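Heads up: the sequence lines are chains S and Z, in that order.
As numbered in our numbering, the first sequence has no gaps in its residue numbers, which increase by one up to the final residue, 227.
As numbered in our numbering, the second sequence has no gaps in its residue numbers, which increase by one up to the final residue, 227.
A virtual CB, placed ideally from N, CA and C, is assigned to each residue, including glycine.
Bear in mind the structure is a predicted one, so any value in this text is a computation, not a measurement.
Protein chains: 2
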Amino acid sequence: MNTTLNNPVKNELLSAAELLDHWQGHRKLTRRVILAFPEKELFEFSIGGMRPFFELVMEMATLAGPGVKGVATGEWPHVDHTGGSKRPATKEEVLDFWDEVTEEINTYWPAIEPVRFQKVEKAFGFYEGTNISTIQYLIDNEIHHRGQGYVYLRALGIEPPAFWER
Amino acid sequence: MNTTLNNPVKNELLSAAELLDHWQGHRKLTRRVILAFPEKELFEFSIGGMRPFFELVMEMATLAGPGVKGVATGEWPHVDHTGGSKRPATKEEVLDFWDEVTEEINTYWPAIEPVRFQKVEKAFGFYEGTNISTIQYLIDNEIHHRGQGYVYLRALGIEPPAFWER
Numbered sequence: 062m063n064t065t066l067n068n069p070v071k072n073e074l075l076s077a078a079e080l081l082d083h084w085q086g087h088r089k090l091t092r093r094v095i096l097a098f099p100e101k102e103l104f105e106f107s108i109g110g111m112r113p114f115f116e117l118v119m120e121m122a123t124l125a126g127p128g129v130k131g132v133a134t135g136e137w138p139h140v141d142h143t144g145g146s147k148r149p150a151t152k153e154e155v156l157d158f159w160d161e162v163t164e165e166i167n168t169y170w171p172a173i174e175p176v177r178f179q180k181v182e183k184a185f186g187f188y189e190g191t192n193i194s195t196i197q198y199l200i201d202n203e204i205h206h207r208g209q210g211y212v213y214l215r216a217l218g219i220e221p222p223a224f225w226e227r
Numbered sequence: 062m063n064t065t066l067n068n069p070v071k072n073e074l075l076s077a078a079e080l081l082d083h084w085q086g087h088r089k090l091t092r093r094v095i096l097a098f099p100e101k102e103l104f105e106f107s108i109g110g111m112r113p114f115f116e117l118v119m120e121m122a123t124l125a126g127p128g129v130k131g132v133a134t135g136e137w138p139h140v141d142h143t144g145g146s147k148r149p150a151t152k153e154e155v156l157d158f159w160d161e162v163t164e165e166i167n168t169y170w171p172a173i174e175p176v177r178f179q180k181v182e183k184a185f186g187f188y189e190g191t192n193i194s195t196i197q198y199l200i201d202n203e204i205h206h207r208g209q210g211y212v213y214l215r216a217l218g219i220e221p222p223a224f225w226e227r
């Protein structure tokens with residue numbers, strides 16, 4: 062008897078589809094944080110010598126697309142955090158860049174074979190770990206830097222969107 | 062034939078033990094961020110009207126223990142973010158409080174039956190969702206507020222610990 066097929070109870074901690082939802086929920090919140098910044102401050106404001114929020118967003122955005130593609134395909138090309146020829150120059154272009162990455166993630170995610178998540182690879186050619194740990198890193202890194210964006214907004218006297226709204 | 066027993070391939074995204082490791086890795090980093098604060102600034106320094114890092118740490122720490130206990134037992138008592146009679150008054154007491162929560166999490170985590178993670182409950186009596194989403198919230202909320210602590214440290218001219226070190 063195959064208990065896997067006969068047992069309707071899902072005892073996975075989290076499915077791949079749920080993890081994608083979780084991440085895209087976070088990415089919607091990050092998009093609202095970008096929106097909350099005045100254009101000039103998005104590109105220029107910083108505290109304690111840190112990068113402006115634009116640069117933090119470019120780090121998240123340029124890792125996310127190639128990260129999911131890498132987990133799906135096993136190919137890990139070099140990542141350029143500047144955005145290269147697609148580098149946004151206005152807040153509107155930042156939002157467009159963000160939305161393109163959203164589509165890229167949604168396109169490649171379903172192509173990830175389940176066994177790929179526990180495979181150990183050198184993410185982006187450098188960081189050895191299971192592919193699931195790379196995905197977790199991308200999400201955690203986004204939350205980390207977005208939290209810093211919250212402080213920038215507060216320092217600018219702007220109320221950030223609620224953390225729990227996704 | 063039971064393919065679950067005969068198939069050595071683990072196709073779970075992440076096991077409960079791996080998620081605990083992931084969280085405790087983050088909690089070790091948060092502990093190092095607490096350590097990096099000068100005593101006075103831990104309790105007093107803030108930017109843009111936000112809470113001092115001590116209060117952010119108390120939020121994380123007072124949610125984590127009862128959160129894991131709640132997922133394990135289904136009992137969700139009221140949570141007091143002040144720490145009540147155990148409220149730390151010095152940096153050393155903050156670290157001791159943190160370490161007690163570490164032990165609490167490690168004690169209750171193995172008692173969580175796997176099916177409990179997908180069960181929908183009102184976490185802390187208020188927040189309805191699957192128990193796994195509550196655990197994810199606790200981890201994400203810690204990363205979010207710790208990222209804010211990084212900005213406080215930078216504003217104080219202090220180099221925070223590397224984000225990727227766990």
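Between the segment 126-146 of chain S and the segment 74-92 of chain Z, the count of C-beta pairs closer than 8 Å stays below three; the two stretches do not touch. Looking at Z:Glu182, Z:Val181, Z:Gln85, Z:Lys180, the one whose alpha-carbon comes closest to that of Ala122 of chain Z is Z:Gln85. Listed along the chain, the chain S residues whose CB falls inside 8 Å of the CB of Ala184 of chain Z amount to none; the nearest CB is some 12 Å away. Residues of chain S whose Cβ lies closer than 9 Å to the Cβ of Arg92 of chain Z do not exist; the shortest such Cβ separation is about 16 Å.
Bounds of the alpha helix (DSSP H) holding Thr163 of chain S are 152-169. DSSP, read as helix, strand or coil, puts Lys183 of chain Z in strand.
Here the segment 193-208 of chain Z makes no contact with the segment 146-154 of chain Z; the two share fewer than three CB pairs at distances below 8 Å. Within the segment 160-176 of chain Z, Pro175, Val176 place their CB atoms closer than 9 Å to a CB of chain S, listed in sequence order. Taking a Cβ-Cβ cut-off of 8 Å, the neighbours of Ile108 of chain Z in chain S comprise Ile108, Val212, Arg215, Ala216, given in sequence order. Secondary structure note for Glu105 of chain S: its alpha helix (DSSP H) is the uninterrupted segment 100-105. Here Val140 of chain S has Thr123, Leu124, Pro127, Phe185 as same chain residues with Cβ atoms under 7 Å from its own Cβ, once five neighbours each way along the sequence are excluded. Contact with chain Z is found for Ala77 of chain S, since one of that chain's Cβ atoms lies less than 8 Å from the residue's Cβ.
In this structure Leu214 of chain S is in contact with Ala97 of chain S, their Cβ atoms being roughly 6 Å apart against a cut-off of 8 Å. When rounded, the separation of the alpha-carbon atoms in Asn192 of chain S and Pro138 of chain S is 15 Å. DSSP, read as helix, strand or coil, puts Thr191 of chain S in strand.
The C-alpha of Pro175 of chain S lies about 21 Å from the C-alpha of Gln197 of chain Z. Between Val155 of chain Z and Val118 of chain Z, the beta carbon gap of about 6 Å places them in contact (Cβ cut-off 8 Å).
Look at Ile173 of chain Z here: in three-state DSSP terms it is coil, with no helix or strand label. Under the Cβ distance rule, Gln197 of chain S counts among the residues neighbouring chain Z, one pair being separated by less than 8 Å. For His83 of chain S, the enclosing alpha helix (DSSP H) has its first and last residue at 77-97. Judged by DSSP in its simplified three-state form, His139 of chain S adopts coil rather than helix or strand. Gly110 of chain S and Leu75 of chain Z have their C-alpha atoms spaced approximately 37 Å apart. Straight through space, the alpha carbons of Ser194 of chain Z and His83 of chain S are spaced by roughly 9 Å. Counting only the Cα atoms, Thr151 of chain S lies some 27 Å from Tyr211 of chain Z. For Gly126 of chain Z, the enclosing alpha helix (DSSP H) has its first and last residue at 114-134. Check the Cα spacing between Thr143 of chain Z and each of Z:Glu120, Z:Asp160, Z:Trp225: the tightest is with Z:Glu120. For the options Z:Glu136, Z:Ala216, Z:Glu165, the alpha carbon positioned closest to that of Ile108 of chain Z is the one of Z:Ala216.
It is roughly 33 Å from the alpha-carbon of Phe178 of chain Z to the alpha-carbon of Phe187 of chain S. Taking 8 Å as the CB threshold, Gly208 of chain S lines the interface with chain Z. In this structure, the beta-carbon distance from Ala133 of chain S to Ile173 of chain S falls below 8 Å. Asp82 of chain Z is outside the set of residues whose beta carbon lies under 8 Å from a beta carbon in chain S.
Along the segment 96-125 of chain S, going in chain order, the ones with a CB nearer than 7 Å to a CB of chain Z are Ile108, Gly109, Gly110, Met111.
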